[in-house]
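Residue numbers (the numbering used here), protein chains in the order written: chain D, 1 to 161; chain H, 1 to 469. Beta carbons are placed, not taken as given, at the ideal position from N, Cα and C, and that holds for glycine. Beneath this line is the structure, given in structure tokens, with notes to follow.
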Amino acid sequence: MTSKRPGIAYIMKYVVFVLIIGFVVLLMLFMSGSNKPFEEVSKSVEDSLDTEALTVQDTAVFKRNFGLNAADYTGVLYYSSGANMSAEEVLLVKVKRDSQVQEVVDAIDERIQSRINDFEGYAPDEVKLLEDARQSVRGTYIFYACSPDADRYLSIFSGSL
Amino acid sequence: MLFSSITFLFMFLPIVLAVYYLVPYKVKNIVLLIASLFFYAWGEPVYVILMILSIVFNYFCGRDIKAKEEDPRRAKFAVIFAITGNLLILGFFKYYGFLIETINSILPTNIPYRELALPVGISFYTFQAISYILDVYWKKAEAQKNILYFALYISMFPQLIAGPIVRYVDIEEQLNKRKMSASKIGVGAMYFIIGLAKKAVLANTVGAVFEEIAGMPAGNLSILTAWLGVFSYAFQIYFDFSGYSDMAIGLGKMFGFEFKKNFDYPYVSKSVTEFWRRWHISLSTWFREYVYIPLGGNRCSVSRNIFNLMVVWTLTGMWHGAAWNFVAWGVYYGVILVMEKYIWGVMVDQLPNPVRHIYTGVIVLVGWVFFFSPSLGYAMRYLLAMIGGGAGIVDATGAFLLFTHWLLYLLAVIGSSSLGLKIIKSVIRAPRNQYVQLVVAAVIFIGMFLISTAFLVTGTFNPFLYFRF
Chain D
1 MTSKRPGIAY IMKYVVFVLI IGFVVLLMLF MSGSNKPFEE VSKSVEDSLD TEALTVQDTA
61 VFKRNFGLNA ADYTGVLYYS SGANMSAEEV LLVKVKRDSQ VQEVVDAIDE RIQSRINDFE
121 GYAPDEVKLL EDARQSVRGT YIFYACSPDA DRYLSIFSGS L
Chain H
1 MLFSSITFLF MFLPIVLAVY YLVPYKVKNI VLLIASLFFY AWGEPVYVIL MILSIVFNYF
61 CGRDIKAKEE DPRRAKFAVI FAITGNLLIL GFFKYYGFLI ETINSILPTN IPYRELALPV
121 GISFYTFQAI SYILDVYWKK AEAQKNILYF ALYISMFPQL IAGPIVRYVD IEEQLNKRKM
181 SASKIGVGAM YFIIGLAKKA VLANTVGAVF EEIAGMPAGN LSILTAWLGV FSYAFQIYFD
241 FSGYSDMAIG LGKMFGFEFK KNFDYPYVSK SVTEFWRRWH ISLSTWFREY VYIPLGGNRC
301 SVSRNIFNLM VVWTLTGMWH GAAWNFVAWG VYYGVILVME KYIWGVMVDQ LPNPVRHIYT
361 GVIVLVGWVF FFSPSLGYAM RYLLAMIGGG AGIVDATGAF LLFTHWLLYL LAVIGSSSLG
421 LKIIKSVIRA PRNQYVQLVV AAVIFIGMFL ISTAFLVTGT FNPFLYFRF
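Right, here's the structure in full:
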């Protein structure tokens, strides 16, 4: 009796399928958002903020600084420094649809670039803050922090999902 | 990267075209593959890995099915595994959250889940991969030996993000050998410019009117505003999607490929059945070839045929999105098409043409309400407003939008029928001299391109509607 040895394609398709499962697991661990309500996530982020350096801003300031309408999204939390000479700000947005993610990311990129242009030449520390700003897209949540504590804020945001 | 972005138009496309035509013939597929992966990675730097893994998975599945062609039982198992694998990946990204939400809403549970963004184009490239697997299994096509050529089939940037869904059997030969010429590049450029103008000038402008109306509570809409809203959406989705398809077909021609047309003036249809022969042809063809016919098609009993049609249309609805309004939209068309086939189709055929146009138009417009609504409740409130259950017959908003946009709607009507192209052709052919005709054509198309670019530069971010599917 003879038995056919499995071919390379037979083995490889299972190997690649396992790799796909592994990749999805990694995505779930490091890139996924959650179905937690915006209020819950924003509260965790808000509680961690340094409120001496940052003050909550309304939708008009959000519109002026990012060119976006807060009403288009499930939720927006925006804190920035009251001082003109400070680039510090923290933004959390939950979009209604996946297709809105890119427009928010683009708006944040534009905001960073425009602030770098503002501060370039006379406020190198603020430019450095902007260059080191942290951004994260997790599912329908988009987070942006420009602050000396940006890493801590980002980790609190990730943990709150 | 969007076809309608300045980066694509003035950097990516010219560079890729130049390199593609400078390199030897043997290397062209590799250039196009690298460009396609770069194009996808530009917007999806992480999900490009998923697409590459999907390519490698389907390549080996195809080779495995080929290796087992002498043993039908093992080949069948291999094809079931391949299709299940593809559907599991698509299902996980597209329907996992929807499933949990549905369970949470039906049962007294609050199951948490971690949501992931939908990889752009996954519905399109997964369907192409399934087409390859089944074409190989049914021996309509050979299993591709060259993984780079197969990768190009799945990832080719002109049709990667939003179709048309190219069946493997239709492109197999072209992957190995295709004709390229200056005149083909020219024709491709014309297709591309027409598509760009449809998107940048018509879809985005009429879409802005729709967004304004959709932003109002459905209960506050007058009959006029509600109908204006649904007409605007109908034009937006047509120009947006058919514009993308025209651009994809044009780009394909520039690189020597021939893709089948995806739209054939659907709004001139005189029945719903005809509408679906003219709208998103590649998706309808896919479902017909890979679901409807394998289920038995119409060569079976009436009850079985009705079942087959309902399965296909429910799946078509679900393909468009993980939400109950899409399911309702699919079922709605399933029921209408069954009715047209078995109950009132003959009667519709005997009606005068204007009545048939109105009949089809009303059904299609009602269908778009289900399609654009964020929920079934909103769809019902909107439909109610269309028949007078909102804020009366005419209101100031509707009247203002109509009077300020009537020219746009006129252009949209002309552009969505063959009349638009006929007018362009007659203007080009008006002069007798062939060289003058060429100059007129150049002026028209360069003009369209410049106007479209001006709209893009001054407009806001406007992704294609079908990206979300």
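Check, Outcome
"Residues bridged to D/Leu79 by DSSP?", "At residue 79 of chain D the sequence reads Tyr, which differs from the Leu that was named. Looking at the DSSP assignment, D/Tyr79 forms a beta bridge with D/Val56, D/Val90."
"Take the Cβ of H/Ile343 as the centre, count every other Cβ of all protein chains shown within 10 Å, and call the residue buried at 16 or more, exposed below.", "exposed"
"If we cut at 8 angstroms on Cβ distances, does D/Asp98 have a partner in chain H?", "yes"
"Using the three-state DSSP reduction, which class does D/Val18 fall into: helix, strand or coil?", "helix"
"CB H/Phe263 to CB H/Arg278, shorter than 8 angstroms?", "yes"
"For H/Ile83, which of helix, strand or coil comes out of DSSP?", "helix"
"For the region 393-459 of chain H, which segments carrying the alpha helix (DSSP H) assignment without a break, of at least 4 residues, lie completely within its bounds, in sequence order?", "396-415, 419-429, 434-458"
"Which value, in whole angstroms, describes the spacing of the CA atoms of H/Val387 and D/Lys36?", "For clarity, residue 387 of chain H is Ile in the given sequence; the question names Val instead. Roughly 38 angstroms between the two C-alpha positions."
"List, in order along the chain, the chain B residues whose C-beta lies closer than 9 angstroms to that of H/Tyr113?", "Going by chain labels, chain B is absent from the structure shown, which instead holds the protein chains D and H."
"Straight-line CA distance for H/Leu2 to H/Ser303?", "45 angstroms"
"If distances are taken between C-alpha atoms only, which option among H/Ile193, H/Trp329, H/Asn308, H/Ser373 comes closest to H/Lys341?", "H/Asn308"
"Do H/Leu224 and H/Gly470 count as a contact pair if the criterion is CB distance below 8 angstroms?", "No answer is possible for residue 470 of chain H: the residues shown for chain H start at 1 and end at 469."
"Helix or strand or just coil, what does DSSP make of H/Phe239?", "helix"
"With 9 angstroms as the C-beta to C-beta threshold (strictly closer), list the residues of the region 46-69 of chain H near chain D in chain order.", "Val46, Tyr47, Ile49, Leu50, Leu53, Ser54, Val56, Phe57, Asn58, Tyr59, Phe60, Cys61, Gly62, Arg63, Asp64, Ile65, Lys66, Ala67, Lys68"
"Taking only beta-carbon atoms, is D/Tyr153 less than 8 angstroms away from chain H?", "no"
"H/Val206 and H/Ala412: beta carbons closer than 8 angstroms?", "yes"
"So, do the region 19-30 of chain D and the region 41-55 of chain H have three or more beta carbon pairs nearer to each other than 8 angstroms?", "yes"
"Using a C-beta to C-beta distance shorter than 8 angstroms, which residues of chain D count as neighbours of H/Ala41?", "Per Cβ cutoff of 8 angstroms: no residues; H/Ala41 is ~14 angstroms from chain D at best."
"Shortest alpha-carbon distance to D/Cys146 belongs to which of D/Thr59, D/Ser155, D/Ile112, D/Ser48?", "D/Ile112"
"Per the DSSP calculation, D/Tyr141 is bridged to which residue(s)?", "D/Lys94, D/Arg138"
"Rounding to the nearest angstrom, what Cα-Cα distance links H/Asn176 and H/Leu160 in this structure?", "19 angstroms"
"Please list, in chain order, the chain D residues whose beta carbon lies closer than 8 angstroms to that of H/Phe92.", "Val24"
"Is it buried or exposed for H/Pro470, if we count other Cβ within 10 angstroms and need 16 for buried?", "Shown here, chain H extends from 1 to 469; a query on residue 470 of chain H therefore has no answer."
"H/Cys300 by DSSP, collapsed to three states: which one?", "coil"
"Would you kindly work out how many angstroms separate the C-alpha atoms of H/Glu274 and H/Ile336, rounded to a whole number?", "12 angstroms"
"Please state if the CB of D/Tyr79 and the CB of D/Val61 are separated by a distance shorter than 8 angstroms.", "no"
"Which residue from H/Ile83, H/Thr84, H/Phe60 puts its Cα closest to that of H/Asn146?", "H/Phe60"
"Is the Cβ-Cβ distance between D/Thr140 and D/Val76 less than 8 angstroms?", "no"
"How long is the line joining the alpha carbons of D/Thr55 and D/Ala83, rounded to whole angstroms?", "10 angstroms"
"Spell out the partners DSSP gives H/Cys61 in its beta bridges.", "None, per the DSSP bridge assignment."
"Please confirm whether D/Gly159 has its beta-carbon closer than 8 angstroms to some beta-carbon of chain H.", "no"
"Any beta carbon of chain D sitting closer than 8 angstroms to that of H/Ile89?", "yes"
"Who are the neighbours of D/Leu19 on chain H, taking C-beta pairs under 7 angstroms?", "Leu53"
"Quick check: the Cα distance between D/Gln135 and H/Leu118, rounded to an integer number of angstroms?", "19 angstroms"
"Does D/Met28 have its Cβ less than 8 angstroms from a Cβ in chain H?", "yes"
"Less than 8 angstroms between the beta carbons of H/Val369 and H/Val230, yes or no?", "yes"
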